[in-house]
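Data block below; observations after.
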Amino acid sequence: MPFTIAIDGPAAAGKGTISKAVAAHFGFAHLDTGLLYRAVGRRMLAGDAPIDAAQSLTQEDLERDDLRTPEVAQAASKVAVISEVRAALLDFQRAFARRADGAVLDGRDIGTVICPEAEAKLFVTASAEIRAQRRFAELAPQGLASNLDEVLADVRARDERDMNRADAPLKPAKDAVIIDTSTLDIAEAVAAAITAVDARR
Ligand code: CDP
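Each residue of the sequence shown is one higher than the one before, counting from 4 in our numbering.
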């Protein structure tokens with residue numbers, strides 16, 4: 004039976020890690036919807052028109068290994084304000100959400116726009132400083148960030164754009180369980196998420 008877990012929240016709040024662990028726990032499929040916007044953003048940086056890119060996204064676009072760079076993250080949040088881009092990605096996300104074997108989707112608008120009927124909704128957040136520290140720790144070893152202040156500025160710029168856009172702005176759904184991971188380690192955050200989902204099953 005379809006069972007959708009919607010996990011939304013701001014940049015680098017830990018949604019990816021929590022979503023993967025929750026999907027593994029329940030045996031559900033997982034879709035990182037940020038990757039769709041990153042793939043469109045990457046194609047915009049390569050010279051394509053964002054709407055055309057969103058309408059012709061391929062599996063190959065999604066499997067590239069250069070989608071996690073800070074440049075692509077900023078480009079993703081720029082193409083994400085374009086309604087036609089969001090519309091082009093909608094059906095794929097909705098179909099994934101209702102697959103028969105259960106699904107976890109993480110993003111910004113899963114509980115509010117993509118899947119307002121999701122059986123379980125979580126909003127994962129943390130202070131901007133903590134999120135920037137975590138993202139810096141992830142990017143620095145790969146040579147993708149040299150300065151914590153720059154990462155913090157990037158996170159804030161993206162939050163600002165994501166929260167203030169007209170179409171599908173980042174905000175918790177009314178019935179979402181808020182999980183603030185500022186003082187939680189990964190195991191604690193995953194346990195809190197699983198407890199919240201279990202309460203809806
Ligand atoms: O991993 P991180 O939290 O840094 O970002 P992401 O989830 O990969 O998302 C990259 C960007 O895509 C976000 O800043 C949003 O602008 C956009 N996005 C969106 O608009 N809606 C979604 N459902 C997912 C991502």
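For every residue, glycine included, the Cβ atom is placed at its ideal position computed from N, Cα and C.
query, result
"Cβ pair count under 8 Å reaching 3, the segment 143-150 against the segment 30-39", "no"
"C-beta atoms of Arg-111 and Ala-15 nearer than 8 Å", "no"
"Pairwise C-alpha distance: Ala-196 and Thr-115", "18 Å"
"Where the beta strand (DSSP E) through Gly-110 begins and ends", "106-110"
"Proximity to Thr-198 [Cα-Cα], best of Lys-124, Asp-170 and Val-82", "Lys-124"
"Beta-carbon proximity list for Lys-18, same chain, < 6 Å, skipping 5 on both sides", "Ile-10, Gly-12, Asp-109 and Val-127"
"Integer Cβ distance of Ala-26 from Val-107, believed to fall under 8 Å", "4 Å"
"C-alpha gap between Leu-93 and Ile-117, whole angstroms", "7 Å"
"Those residues which DSSP pairs with Phe-126 across a bridge", "Asp-11 and Ile-181"
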